[in-house]
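Heads up, the thing below is written out as structure tokens.
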Amino acid sequence: MRYLLLAVAVSLSGCLYADVRWPRAYRSATPSDVKAAPADPVASGTSCNTSLLYLVAWGDAGYAAAVRAALKDHPEGLLYDVRSDMKVKSYLVGLYSRSCTVVTGRVARP
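Residue numbers (this note's numbering): 40 to 149.
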């Protein structure tokens with residue numbers, strides 16, 4: 040009985056299967072790489088992933104999704120001087136957690 044409970048706990052806690060991608064570094068353009076101007080607007084985008092009861096998770100907290108969100112109002116623009124931050128909120132020892140990638144940068148015209 041003890042082993043059955045252990046097997047159920049392991050299979051329900053994300054130990055059996057998880058699809059996590061975590062890149063090591065990003066490269067973004069610098070002002071000298073693009074047509075930078077002092078009047079270039081600052082854009083920010085967020086992408087989040089939510090997990091509930093260690094059973095289900097949904098969302099895309101990736102860097103690319105956050106960049107797409109940042110450029111939503113500037114579809115032709117290019118981000119430069121990019122800063123990427125992670126925000127994690129967890130409640131009740133992780134029974135509910137939300138992790139977000141926040142990308143902030145200046146938008147240059149192509």
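We put the CB at the ideal spot given by N, CA and C, even for glycine.
Is the Cβ-Cβ distance between GLY98 and ALA147 less than 8 Å?
-> no
Supposed contact pair THR89 and ARG137 - C-beta distance, whole angstroms, cut 8 Å = 5 Å
Cβ pair SER86, THR140 closer than 8 Å = yes
Can you list, in chain order, the residues of its chain whose CB lies under 7 Å from that of ALA100, leaving out five sequence neighbours each side?
-> SER86, CYS87, ASN88, SER138, CYS139, THR140
How should TYR65 be labelled, buried or exposed, when 16 other C-beta atoms within 10 angstroms of its C-beta is the threshold for buried?
-> exposed
Secondary structure of ALA109, DSSP reduced to three states = helix
Same chain only: Cβ atoms within 6 Å of LYS128, ignoring 5 sequence neighbours per side = ARG137
Please go through the same chain and pick out, in chain order, the residues whose beta-carbon is closer than 8 Å to the beta-carbon of ASP72, but skip the five residues on each side of it.
-> TYR119
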